[in-house]
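> Going by the numbering used here, 1468 is the number at position 24 of the first sequence; the sequence numbering is gapless.
Idealized CB from N, CA, C, for every residue including glycine.
The structure is given below, and queries will be raised subsequently.
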Amino acid sequence: MTLNLYNTLTRRKAVFSPLFPDFVGLYTCGPTVYNFAHIGNLRTFIFEDVLKRVLTYNGFAVKHVMNITDVGHLTGDRDMGEDKLEKGARREGKSAWEIASFYTRAFRQDIAHLNIIEPSVWCRATETIADQIALIRILEEKGYTYRTRDGLYFDTARFKDYTKLSHQNLEALQEGARVERNPEKRNMTDFALWKFSPPGVQRQMEWDSPWGVGFPGWHIECSAMSMKYLGDHLDIHCGGADHVDVHHTNEIAQSEAATGKPFFNFWMHGALLNIAGGKKMAKSDENFLTLETTFLKKGINPLAYRYAAFQTHYRKPMEYSEESVAAAQNGLRHLYNQVRSLKTAPTAAGGGLPADFQAKFCEAINDDLNMPRVMAVVQELLKSSLSDAEKLAGILDFDRVLGLGLASLDQDDALPEALRKLVDQREAARAARNWALSDQLRDEIQAMGYVVQDSRDGMQVIKP
RNA sequence: GGCGGCAUAGCCAAGUGGUAAGGCAGAGGUCUGCAAAACCUCCAUUCACCAGUUCGAAUCUGGUUGCCGCCUCCA
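Have a look at this one:
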C-alpha cells in the first residue's frame, strides 16, 4: 500500500517515499509564544499529528522536530515594526522571557488536551542563535546578503528558483499596496536575516553578532533548526497555508542558497479555519477563540474539536461555528457510547482485525489523509454485520490514527466512592421496583455530572 | 491590481467521467417501569448559474455570480 500526499511544491498528490528507508524526518512550524494558540492554529497541529500518526501506522519511524518561536516576529511590515514578544511583555507587565515560557506551557497543555503526540525534539529559537548566525555567515560568504541601516538582508534576486513554492508572479506583486515600503531593500521580496537593535534601545532579547547587536530575522530559525536536528536535505515540512508565500518561500531560498541542495522534498500545508461569516481567525486580530474559552470552560471535551477537524479535509477551509461544535460534540459522544457498549459486550474479547475494513481505512488515510472518508469507514464498520469482537478490534486499531482516546474509554470502575454508593443503592431500589427512589437517586447521580444508562445487561454510569 | 482556492441537503462535509459517502439536526419504530443509551427505517431525481465536450458530467472546457486566502505579522 502506498502513501499518497499532496505536495505544495508540485501542486499535486504524489507517492511519498522518504530519503532513507523506513525513516521520516518531519519538521513542523511551531507556535509563536506571545499569546495563547487559537483553535485555528490548533487545527494545523491536529493535521500534522494525523500526518505523523499515518506515517507511523504505515511503519515509518518518524523523527519530528517542532520549533518554538520565542523571538523575532515583528508586528509591522515585513522586517519592520515591533517584536511581538517584547510587545506582549509590555502588555502583561512581564519580561519577554516570562511571556515565552508562560505561553509555551499553555501550548503544551493545549496539544495534550487534543491528544496530539509531542514532537521528538522541541527547539527554541533563542537556544539556537549560534546556529542561525553560522548559517547567515555561510550566506554572507556566498554573496547572498547585503547590509542596510536596520539589518542584514537576503538578496532574493540572487536565488533563481525563488517562486518555486509560491508560484507567484513577482512582477505583479504590489509592495506598498497595503504597507509602508522599506526603501533600502533591493527587491521587494528581500527579507532580513539579522535585525539590529534600534539605536539607543536596549531590547530584552538581543545578541551580539558579526554584524552588530540585534536579533535574528524570523525565517532563519526554521532553516537553522531543521538542519541542526534533521540534516541538510529532509523529507516533510509542514505549516499553515498562510506560510506558503512568504515564510516557507524564504526558508527554501536561504537554505538552498546555503547548502546548494534541495531543502525538503515534501511541503504540506493545512488550510485555515474560518469563523462563521467566512473570516479567518488571526492571532493579530484579537478575534481568536482558544481551546480554554471555547471548550474547557464550557465543560466540552476538547477532543470534540479534534473530531470536528476530522470532518473537513485538511486542505479545505473549515467552517467553525457553535453549531459545528455541537455537532462534533454529539458525534463524539455517540461514538463513545458505541465503543463503550462494544467493550462491555460479552463477546468483545479476542477479535481479529477485519481485513476488508482495514483495507478501506488504509486507502482513506493513504489518500492524502482523507479523514472525512476515514470517519465514514468508522461508521460503516460500526453498522456492519461483523461480530462485536471484530468491530472493537478494528476501531481500536483505527484509533492509533484517530487519537480519540477510544482505548482508554472506561466504564464505571473508576467512580468516586460516594457515587459508587448511590449507584448501588439505586440498583437495590430498582430490584425492589421502588421507582420513585430509583429516579431520585438517578437525579442525584446526574447532579454529580454522571449519566445513568440502564440496559438489559445492567446499569452503566458514564461521565459524558 | 496580481496569484491561488472554494461553491454539494436545515448545518458540517466526502466524492475529479459511469449515474450523490458519512456526521449533526429532524421524522417514525424496536427495546425499557420511566428516562437515557443502543438498534432499525426514512430524509438531495440532484451538486451556485449559463453554455459546450461526451453514449454518459457534481466531476472536463469556456463564461457569469458569490465567498475566501496570499501579496503586512499570521497555523
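Could you give the distance in angstroms between the alpha-carbon of residue 1401 and the alpha-carbon of residue 1591?
As displayed, the chain neither begins before 1445 nor continues past 1908, which places residue 1401 out of reach and without an answer.
> Which full runs of the beta strand (DSSP E) of 3+ residues lie inside the region 1687-1756, going along the chain?
Listed in chain order, the complete beta strand (DSSP E) runs (minimum 3 residues) inside the region 1687-1756 are 1708-1714 and 1717-1719.
> Starting from residue 1762, follow its DSSP beta bridges and name the residues at the other end.
DSSP, once it has assigned bridges, lists 1717 as partnering residue 1762.
> Give every residue of the same chain whose Cβ lies closer than 6 Å to the Cβ of residue 1897, excluding the five residues on either side of it in the sequence, and list them in chain order.
Correct list, in chain order: 1904.
> Please look up how many angstroms separate the CB atoms of residue 1583 and residue 1702, rounded, as I've assumed it's under 8 Å.
Yes, residue 1583 and residue 1702 are in contact; Cβ-Cβ is about 5 Å, under 8 Å.
> Could you check the C-alpha separation between residue 1887 and residue 1864 for me, to the nearest Å?
Distance between the alpha carbons of residue 1887 and residue 1864 is about 14 Å.
> Tell me, to the nearest whole angstrom, how far the beta carbon of residue 1600 is from that of residue 1631; I am working on the premise that it is less than 8 Å.
Residue 1600 to residue 1631, Cβ: 5 Å. Contact.
> Less than 6 Å between C-beta atoms, sequence neighbours within five positions excluded: which residues of the same chain meet that for residue 1707?
Counting only Cβ-Cβ distances below 6 Å, and skipping sequence neighbours, we find 1696, 1699 and 1700.
> When DSSP labels each residue in this structure, what does residue 1561 get in the three-state scheme?
Coil, per DSSP.
> How do the region 1676-1690 and the region 1567-1574 stand: do at least 3 beta-carbon pairs fall below 8 Å, yes or no?
Segments in contact, no.
> Between which two residues does the beta strand (DSSP E) carrying residue 1473 extend?
No beta strand (DSSP E) holds residue 1473; DSSP gives it neither H nor E.
> So, under 8 Å CB-CB, residue 1812 and residue 1502 are touching, yes? Tell me the CB distance rounded to an integer number of Å.
About 13 Å; that fails the 8 Å criterion.
> List the endpoints of the continuous alpha helix (DSSP H) containing residue 1835.
Where residue 1835 is concerned, the enclosing alpha helix (DSSP H) stretches over 1832-1846.
> Kindly indicate which three-state DSSP category residue 1775 falls into: helix, strand or coil?
Correct three-state label for residue 1775: helix.
> From this set, 1777, 1486 and 1497, which residue's C-alpha is nearest residue 1468's C-alpha?
The shortest C-alpha separation from residue 1468 is found at 1497.
> Compute the beta-carbon to beta-carbon distance between residue 1649 and residue 1540, rounded to the nearest angstrom, for a pair I have assumed lies under 8 Å.
Confirmed, Cβ separation roughly 5 Å.
> How is residue 1550 classed by DSSP in three states: helix, strand or coil?
Helix at residue 1550.
> What would DSSP say about residue 1653, mapped onto helix, strand or coil?
In the structure shown, residue 1653 sits in coil (DSSP, three-state: anything other than H, G, I, E or B).
> Which one or two residues does DSSP pair with residue 1813 in a beta bridge?
In DSSP, residue 1813 forms no bridge with anything.
> Considering only C-alpha positions, which residue in the set 1777, 1869 and 1717 is nearest to residue 1765?
Ranking 1777, 1869 and 1717 by Cα distance to residue 1765 puts 1717 first.
> Please name the residue in 1754, 1830, 1734 and 1788 whose C-alpha comes closest to that of residue 1481.
Comparing Cα positions, the closest option is 1734.
> Just to confirm before moving on: does the CB-CB distance between residue 1580 and residue 1493 stay below 9 Å?
It is not a contact, given that the beta carbons lie outside the stated cut-off.
> Under the rule that 16 or more other beta-carbon atoms within 10 Å means buried, what is residue 1462, buried or exposed?
Buried, by the Cβ-count rule.
> Going by DSSP, what residue range makes up the alpha helix (DSSP H) through residue 1488?
Run containing residue 1488: 1483-1501, per the alpha helix (DSSP H) assignment.
> Touching or not, the region 1786-1802 and the region 1837-1849, by the rule of three or more beta carbon pairs under 8 Å?
As far as the Cβ criterion goes, the region 1786-1802 touches the region 1837-1849, which means the pair count is three or higher.
> Can you find the residues in the same chain that come closer than 8 Å, C-beta to C-beta, to residue 1456, ignoring five residues on each side of it along the sequence?
1450, listed in sequence order.
> So the candidates are 1883, 1460, 1785 and 1458; which of them puts its Cα closest to the Cα of residue 1831?
Checking every option, the nearest Cα to that of residue 1831 belongs to 1785.
> In terms of residues, what are the limits of the beta strand (DSSP E) holding residue 1505?
Element bounds for residue 1505: 1505-1512.
> Take residue 1554 as the anchor and find which of 1737, 1776 and 1633 has the nearest alpha-carbon.
Looking at the Cα atoms, 1737 is the closest of the given residues.
> Around the Cβ of residue 1623, are there at least 16 other Cβ atoms within 10 angstroms (buried) or fewer (exposed)?
At residue 1623 the pLDDT is 49, less than 50, meaning the model places this residue with poor confidence; the figure from the coordinates comes in the next sentence. Classification for residue 1623: exposed.
> Would you mind reading off the limits of the alpha helix (DSSP H) that contains residue 1679?
Premise fails: residue 1679 lies in the beta strand (DSSP E), 1678-1684, not in any alpha helix (DSSP H).
> Can you list, in chain order, the residues of its chain with a C-beta nearer than 7 Å to that of residue 1673? Leave out the 5 residues immediately preceding and following it.
The residues are 1509, 1565 and 1567.
> Using only the alpha-carbon positions, how far apart do residue 1606 and residue 1798 sit?
Each residue's Cα considered, the two are about 48 Å apart.
> Taking the beta strand (DSSP E) that residue 1662 belongs to, which residues open and close that run?
Unbroken run through residue 1662: none, as it is neither H nor E.
> DSSP on residue 1647, reduced to helix/strand/coil?
Residue 1647 falls in the coil class under three-state DSSP.
> How many whole angstroms separate the CB atoms of residue 1543 and residue 1550, which I take to be in contact at a CB cut-off of 8 Å?
That belief does not hold up - the Cβ atoms of residue 1543 and residue 1550 are roughly 11 Å apart, past 8 Å.
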